[in-house]
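**Student:**
Structure representation (structure tokens):
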């Protein structure tokens, strides 16, 4: 497709469950980013991939958060043993070299609610 | 649709008026700044960017002003339209060696018809 696609659009998880959030970047985009957006706040950086290499994971809040991009295209953000504070919108973004270092295109996000 | 921010500062303007949204950024070493627009239920959408070696940049109906002395960024929208209603975020690259952006807390713009 023409944009960044994220699925599911909404996810409700019981506390303690594991979840997996998927991101399909724009075809050919080398760089992929995950951000977390709590209600009423700006997005916060989680992690960054260049192709299949995870070059920056400094924003992952705990070892319960894990991201992968094994073939340099689709990426999955996994959260283990979800907690209520994990409730947020998880945004994926991708970019191509022609967009510069910060020219992201964001997807619409996955809203995760932990109950 | 879902709200992107329930307790954000809000700027209310009349359709056709000019809007000015302000942002105080954090790091004097940041060299790149972006304004994003986020509509309810959608991801942030790029509006305009500016590098630290500039103090003004213009796009279509939008102008970004950068004042490095006081670490202030503003977004001016000319002839504001109902479709401009959204939450607006400024973002900066606080660590120029990394690809991560640091976003501000956002301002909600409401355009009254």
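Chains as they are written, first to last, in my numbering: chain X, 1 to 115; chain C, 1 to 113. Ideal Cβ positions, reconstructed from N, Cα and C, are used throughout, including at glycine.
1) Select from the stretch 19 to 33 of chain C all residues with a C-beta closer than 7 angstroms to any C-beta belonging to chain X, and list them in chain order.
2) If you drop the 5 nearest sequence neighbours on each side, which residues of the same chain put their C-beta closer than 8 angstroms to that of residue 68 of chain X?
3) Counting contacts by CB-CB distance shorter than 8 angstroms, is residue 93 of chain C in contact with chain X?
4) Quick one: using the 10 Å Cβ neighbour count with 16 as the cut-off for buried, is residue 43 of chain C buried or exposed?
5) Taking 8 angstroms as the cut-off, decide whether the C-beta atoms of residue 48 of chain X and residue 100 of chain C are in contact.
6) Closest Cβ-Cβ distance between residue 2 of chain C and chain X: below 8 angstroms?
7) Nearest by alpha-carbon distance to residue 94 of chain C: which of C:105, C:76, C:32 and C:82 is it?
8) Within 8 angstroms of any Cβ in chain C, is that where the Cβ of residue 97 of chain X sits?
9) Against residue 61 of chain C, what residues of chain X qualify as contacts under a CB-to-CB distance less than 9 angstroms, listed in chain order?
**Tutor:** Taking the definition as stated:
1) 32
2) On the first chain, position 68 is the one that residue 68 of chain X refers to. Only 54, 75, 76 and 78 meet the Cβ criterion.
3) As a working note, residue 93 of chain C is residue 93 in the second chain. Yes, contact with chain X.
4) Start at 1 with the first residue of the second chain, and residue 43 of chain C comes out as number 43. Buried, because 16 or more other Cβ atoms sit within 10 Å of the Cβ of residue 43 of chain C.
5) Counted from its first residue, the first chain places residue 48 of chain X at position 48. Counted from its first residue, the second chain places residue 100 of chain C at position 100. The answer is yes: Cβ separation under 8 angstroms.
6) For this step, residue 2 of chain C is matched to residue 2 along the second chain. Residue placement at residue 2 of chain C is poorly supported in this model, since its pLDDT is 39, which falls under 50; the coordinates still yield a value, given next. Cβ-Cβ to chain X under 8 angstroms: yes for residue 2 of chain C.
7) Position 94 of the second chain, counted from the first residue, corresponds to residue 94 of chain C. Closest by alpha carbon: C:32.
8) On the first chain, position 97 is the one that residue 97 of chain X refers to. So, not an interface residue.
9) Position 61 of the second chain holds residue 61 of chain C. By Cβ distance, chain X contributes nothing, its closest Cβ being about 20 angstroms from residue 61 of chain C, past 9 angstroms.
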